[in-house]
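*Asks:* Can you keep this structure in mind? I'll have questions shortly.
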Amino acid sequence: MSAEDFAISRQSNTANKPRYPWRGFMIDSGRSPNSLAKMKRIVRICSELGLNFCVFREGDDELCAVKYRTNRLGSEDPYALTMEQVEEFVDYADSYGIKVVPEIESLGHSTAKGRYYPDIVSGGFEHQYEGIGVHIRKSHLAPADPRSYELLESIYEEWFPIIRSPLVHLGLDEVRLPAEEQAEHLEGLLELVDRVAKRHNKQIIPIIWADAPQTPSKWRDRVIRCLWAYGDDKMRVGYQNPHLIKQGLRELSEPGCTELVFMAAGSGSGHTPYSKTNYEHAFLNLAEWAIWGKDRPNFIGLLAVQWSGNMLDDWLPDFACAAEYGWNPPDGIPDFETQMARIRRRLSQIKDAVDPDPAEVDPPAWDGIWLKDGKWFKDIIASTAKS
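If you want it as structure tokens, here you go:
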């Protein structure tokens, strides 16, 4: 192994303190199915790379990824995991040093919930998928509605006892509601989280996307704000980016700010197959975020996102790059070709990455639609219902 390869391996850093104590990757099962076998393989790879948490998206507009015991969610989603499988995944990841952090969409991105609870889901807009039909995107739960809280409480009740870290992502991004309604919902939601956590003798640390309303003062020392901008954002990372200014980048970056911050980085995606951000722009974005937070002590986590598709191997270079920069943020933007060659060499040394068991690779899907020959093929829910 070369010195450069050694620098990005997990073993090279065990004697050193990483700059970011939380270094993560995402599995977007809310938009495309991911089998338990494949997720375990990805966990093994990411453990080798030096990542230590996985954001598991249990639902979005397209799919409910979990069949719960105490509510109807997932009962008609044929590829949803049972809670027994979820617990198996949580335990398996923990055995490899990776904490599973559920992202439970707690207001927006709730169209799939509406298939089961139509009375409390509304909003959203139509998105046409060529040859497939219309999907509704960005629906939301009824804000501050006791029925919404009751459903969310049932989800939290099943997750909180089994997770191995205090972190739970509540989502709350891109909600198409007035700010004051979102703020009222957020305050009630945080009260609910605390009540459920108390029943299980836990203190939960919520994560919320930074475009959500300001964290109420009572929780400001505990809630993690997750800033997000990806490699397809031409405005890049900094005060020149109006999207990040709206998220509170300036306030969260001020000296003396005590609100905790994660940075979600890497590849965005479009709503067409295989529209992941290219590696050069993803690596640039990861580097910019790692550098941005480097000297800001309240910035404690770097998360390589993964959206829309289920071909997780395509995101492994992003995950490897996040692992490196999470341990040792660069002083400047590294040369892309050099960085990619180094990461390719590193991944080539991990059997699960270079020669995966076919049983641990899933048929490709994107935005809740099966793909064939790189194109839209069949709606996952509709095609199953007809079979």
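So in our numbering, spot 323 of the sequence shown is number 1619, and the numbers just go up one at a time.
Cβ coordinates follow ideal geometry from the N, Cα and C atoms, glycine included.
Since the structure is predicted, the reported quantities are computational estimates derived from the model, not experimental observations.
#1: Using 10 angstroms around the beta-carbon of I1629, count the other beta-carbons present and answer buried if the total reaches 16, otherwise exposed.
#2: Is it true that the CB of Y1452 sits closer than 8 Å to the CB of V1492?
#3: Are the beta-carbon atoms of Q1478 and A1508 separated by less than 8 Å?
#4: According to DSSP, what are the bridge partners of T1568?
#5: Assign N1312 to buried or exposed, taking buried as 16 or more other Cβ atoms, counted over all protein chains shown, within 10 Å of its Cβ.
#6: Evaluate the contact criterion for the region 1588 to 1608 versus the region 1557 to 1565: three or more CB pairs, one atom per stretch, below 8 Å.
#7: Can the beta-carbon of L1468 be found less than 8 Å from the beta-carbon of L1482?
#8: Output the residue ranges of the alpha helix (DSSP H) runs that lie fully inside the region 1571 to 1596 and measure 4 residues or longer, sorted by chain position.
#9: Could you check what DSSP says for Y1375 in three-state terms: helix, strand or coil?
#10: Identify whether F1673 lies in helix, strand or coil by the three-state DSSP scheme.
#11: Any idea what DSSP makes of Q1499, helix, strand or coil?
#12: Mark S1402 as exposed unless 16 or more other C-beta atoms lie within 10 angstroms of its C-beta, in which case mark it buried.
#13: Please report the straight-line C-alpha distance between I1501 and I1520, rounded to a whole angstrom.
#14: If we call anything under 8 Å between Cβ atoms a contact, is K1316 one with G1622?
#15: Does DSSP put E1300 in a helix, in a strand, or in coil?
#16: Determine, using beta-carbon pairs with one atom in the region 1646 to 1659 and one in the region 1402 to 1415, whether at least three such pairs fall under 8 Å.
#17: Is the region 1352 to 1364 in contact with the region 1634 to 1645, if contact means three or more CB pairs nearer than 8 Å?
#18: So F1558 is in the beta strand (DSSP E); what residue range does that whole segment cover?
#19: Please list the segments of the beta strand (DSSP E) lying wholly inside the region 1427 to 1510, counting only runs of 3 or more residues, in order along the chain.
#20: Let me know if T1568 comes out buried or exposed under the rule of 16 or more other beta-carbons within 10 Å of its beta-carbon.
#21: From this set, W1318, L1463, L1345, which residue's C-alpha is nearest I1646's C-alpha?
#22: Among the residues of its own chain, which have a CB less than 8 Å from the CB of K1590, if the five just before and after it don't count?
#23: By DSSP, does R1306 sit in helix, in strand, or in coil?
*Replies:* The structure says:
#1: Around the beta carbon of I1629, a 10 Å sphere encloses fewer than 16 other beta carbons of the protein chains shown; the residue is thus reported as exposed.
#2: With a cutoff of 8 Å on beta-carbon distance, V1492 and Y1452 are scored as near each other.
#3: yes
#4: T1568 pairs with nothing; no bridge assigned.
#5: exposed
#6: yes
#7: Result yes, Cβ atoms of L1468 and L1482 sit closer than 8 Å.
#8: 1575 to 1589
#9: coil
#10: Strand.
#11: coil
#12: Classification for S1402: buried.
#13: Those two C-alpha atoms are separated by around 7 Å.
#14: One point to set straight first is that residue 1316 is Tyr, not Lys, in the sequence displayed. A contact, by the Cβ cut-off of 8 Å.
#15: Low confidence applies to E1300: its pLDDT is 43, below 50, so where it sits in the model is not reliable enough to give any reading.
#16: No contact exists between the region 1646 to 1659 and the region 1402 to 1415.
#17: no
#18: 1556 to 1562
#19: Every beta strand (DSSP E) of 3 residues or more that sits fully in the region 1427 to 1510 is shown, in chain order, as 1429 to 1437, 1463 to 1465, 1501 to 1505.
#20: exposed
#21: L1345
#22: R1315, P1625
#23: Because R1306 sits at a pLDDT of 34, beneath the cut-off of 50, its placement in the model cannot be relied upon, and the point is left open.
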